[in-house]
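To start, the structure under review is shown below, and the notes come after it.
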Amino acid sequence: MNFKLRLKNIFVGGCFLVCLLLAGCWDLFVSGTFTFVHYLEDAIVSTDEELNSVHVDLSDNEDWEDHEDDIRRIEGIEFWVRVTNRGEDSASAQIWITDDSLLTTPEAVKSHATMVFNGPRIGPGDTTEIEREESINHIQHLEELKAQVLSGSFYVYVIAKDTPFNVEFLDSVAFIITSTFGK
Amino acid sequence: MRIDRVSEKGTFDIVILQGGKVMKKKLVVILSLLLMAGVVSNAAGMEIGVGGFVGVNIPVVQDDASTRSLLGLKARLQLIPALGIEPFFTRLNQGDTSIEVGGKDMSRDGGSISSFGLNLILGSMSSEMGAHFHVAAGIGSYTIKREGVPNESRLGYNLGPGIEIGLRHGLSVEVSSKFHIITLEGGGSRKNIGISGGINYYFGLGTP
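Line by line, the protein sequences give chains A and B.
First residue of the first sequence: 127, per the numbering used here; consecutive thereafter.
First residue of the second sequence: 603, per the numbering used here; consecutive thereafter.
Here you go:
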């Protein structure tokens with residue numbers, strides 16, 4: 127077999143293999159990642175005696191809804207929060223998530239929910255803001271958080287590390303979510 | 603850099619002390635072994651080369667990464683005319699991205715993707731004077747790294763053309779592009795286009 131014929135055979139064989147790869151892995155080509163922001167519209171005020179939860183339903187979010195049927199996994203989650211310590215002692219505010227909407231005490235939250243954000247210590251009367259990049263340092267149980275976000279629906283509780291507490295997450299809690307979608 | 607130990611798999615683990623961090627790099631040993639193979643292949647009349655390259659990494663349909671640089675190393679062994687193999691190491695750097703949150707632009711580290719693997723080279727590769735065209739297709743292990751997220755190692759593929767221009771004394775310059783597809787657990791993929799230029803040096807100049 128001469129050199130040109132051998133070269134031609136190798137080229138044709140290579141093209142054939144590439145076509146097979148493209149046909150078998152089409153899913154790989156029609157996918158991508160998108161990032162969107164989901165805000166909690168209401169402020170959350172919590173004390174050690176009275177807890178409020180906020181329901182997160184991502185189907186209310188247009189960006190999520192556009193890709194909902196094609197979302198394969200959650201790549202990353204960050205937060206933006208502004209929190210005020212309305213108590214008389216310093217406190218570390220925490221965000222917990224769960225499917226359960228009926229938790230009424232900090233002990234119940236700690237028993238039945240997953241802590242996903244453990245904020246810095248805030249002095250009495252102070253307000254602090256934690257932006258996206260900094261929030262990475264405060265995120266806990268990322269895999270559980272991803273799984274819960276992927277489900278599209280969950281409840282958010284805010285408590286503080288120590289009791290008594292009185293913390294308020296202003297109307298500025300945001301989940302910044304990056305997902306992979308594919309056909 | 604020091605050779606730390608011989609692992610149970612029979613490969614050397616090399617420990618590179620860098621800024622207080624210890625990183626194991628088996629790749630260095632693999633390249634060394636390839637160089638040794640080159641000596642043997644030279645005796646058998648085959649060509650072997652090593653090269654380095656730098657360029658631009660362009661993430662495709664990724665909201666969480668933007669264009670940045672890439673760099674890498676490779677070895678190249680011509681098996682028969684128009685067919686060769688190419689072990690490679692590539693680092694794809696990804697630029698930061700930002701999104702508006704609460705009226706402010708907030709950025710996020712784009713991270714990087716390190717990969718090593720093996721390409722099949724179809725076409726001409728040589729340090730002989732003139733232009734040589736080829737297509738590379740290969741498979742590798744890609745490790746996605748990003749601050750605040752555990753590293754993730756996944757199987758990936760790459761495919762792309764290149765042109766190599768032979769100079770003298772075993773040297774050649776090369777420009778190539780690669781389409782990288784990195785599979786993700788759960789489905790979907792990350793896709794990056796790399797455009798790079800580099801220099802190759804061929805040890806064996808025998809005729810295959």
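Beta carbons: idealized from backbone N, C-alpha and C, even for Gly.
Check	Outcome
State the start and end residues of the unbroken beta strand (DSSP E) segment that holds LEU673/B.	670 to 682
Going by the beta-carbon positions, is the gap between SER779/B and ILE797/B smaller than 9 Å?	yes
List, in chain order, every chain A residue whose beta-carbon is nearer than 7 Å to that of GLN664/B.	GLY158, THR159
Of all the CB atoms in chain B, is at least one closer than 9 Å to the CB of THR304/A?	yes
Since GLY789/B meets chain A, which of its residues come closer than 8 Å, beta carbon to beta carbon?	ASP153, SER157, ARG198, ARG199, THR306, GLY308
Classify ASP666/B as buried or exposed, calling it buried when 16 or more other Cβ atoms lie within 10 Å of its own Cβ.	buried
At a Cβ threshold of 9 Å, is GLU749/B touching chain A?	yes
What does the alpha-carbon distance come out to for the pair ASN216/A and ILE265/A?	Here residue 216/A turns out to be Ser, not Asn, going by the sequence shown. Straight-line Cα distance between these residues: approximately 20 Å.
Going along chain A, which residues have a C-beta under 8 Å from SER709/B?	ARG258, GLU259
Using 9 Å as the limit for Cβ to Cβ distance, is ILE223/A near chain B?	no
When you compare only the Cα positions, how much space is there between VAL242/A and SER179/A?	15 Å
Excluding the 5 residues preceding and the 5 following GLU257/A in the sequence, name in chain order all residues of the same chain whose CB lies nearer than 8 Å to its CB.	TRP206
If you run the structure through DSSP and keep just helix, strand and coil, what is MET625/B?	Caution applies to MET625/B, whose pLDDT of 47 falls short of 50 and renders its modelled position unreliable; the value that the coordinates give is listed next. Residue state, collapsed to three classes: strand.
Please report the Cβ distance between GLY814/B and ILE746/B, rounded to the nearest whole angstrom; I am assuming they are in contact, meaning their Cβ atoms lie under 8 Å.	Because chain B spans 603 through 810 in this model, residue 814/B falls outside it and cannot be assessed.
Assuming contact is defined by CB atoms lying nearer than 9 Å, are THR224/A and THR240/A in contact in what I supplied?	yes
Does the count of Cβ pairs from the stretch 651 to 671 of chain B and the stretch 784 to 791 of chain B closer than 8 Å reach three?	no
When we look at the beta-carbon of LYS676/B and count the other beta-carbons within 10 Å, is it buried (16 or more) or exposed?	buried
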